[in-house]
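Residue numbers (UniProt numbering): 1 to 128. In this text, a Cβ means the ideal position worked out from N, Cα and C, and glycines have one as well. The structure presented is a predicted model; accordingly, all values stated were derived computationally and were not measured.
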């Protein structure tokens, strides 16, 4: 996850934490309660990452399992967030980085991602 002083550029969709947590709970994965997931073992041992990739492959997607992640914004001295982002590509910028959009944040939506979005949104109040 990004650290203090970093910015994450991403493509994906914004969703309420309540809706995301309802989706996670319905699929037997621990809820986030608005706290950013710890990704030490992404994607092989992280339950959220495994669930996202399983839903993508169930919908016929064949993208790299490293491409999907839940990002929850964190701010020092603030407890939790009310929003989360489900992403397919992301790029973290610490102090300086040349971002090449076609390489770092491709526009093409991976197969199965829209189905994943629909499944998550159907669990609650919607996403944007």
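Work out the CA separation of residue j and residue i for me, nearest whole Å.
i: residue 106; j: residue 89; result: 7 Å
i: residue 41; j: residue 66; result: 11 Å
i: residue 103; j: residue 80; result: 32 Å
i: residue 78; j: residue 34; result: 11 Å
i: residue 6; j: residue 92; result: 7 Å
i: residue 98; j: residue 60; result: 33 Å
i: residue 56; j: residue 75; result: 30 Å
i: residue 25; j: residue 31; result: 6 Å
i: residue 73; j: residue 21; result: 15 Å
i: residue 27; j: residue 122; result: 13 Å
i: residue 127; j: residue 45; result: Only weak support exists for where residue 127 lies, its pLDDT of 45 falling under 50; the coordinates are left without a value.
i: residue 43; j: residue 64; result: 10 Å
i: residue 47; j: residue 62; result: 19 Å
Rank the options by C-alpha distance to the C-alpha of residue i and give the top, closest one.
i: residue 117; options: 26, 50, 15, 44; result: 15
i: residue 130; options: 85, 54, 12, 46; result: There is no way to answer for residue 130, as the model of the chain reaches only from 1 to 128.
i: residue 112; options: 83, 100, 12, 58; result: 58
i: residue 36; options: 53, 23, 69; result: 69
i: residue 115; options: 101, 54, 95; result: 54
What distance in whole Å lies between the Cβ atoms of residue j and residue i, which are believed to be in contact at a cut-off of 8 Å?
i: residue 120; j: residue 8; result: Their Cβ separation, rounded to whole angstroms, is 19 Å, which puts residue 120 and residue 8 out of contact at 8 Å.
i: residue 87; j: residue 10; result: 4 Å
i: residue 17; j: residue 51; result: Not a contact, Cβ separation roughly 16 Å.
Sequence ranges, beta strand (DSSP E) only - wholly within the region 65–93, length at least 3: 69–71, 83–93
Length at least 3, wholly inside the region 20–47: the beta strand (DSSP E) runs in chain order: none
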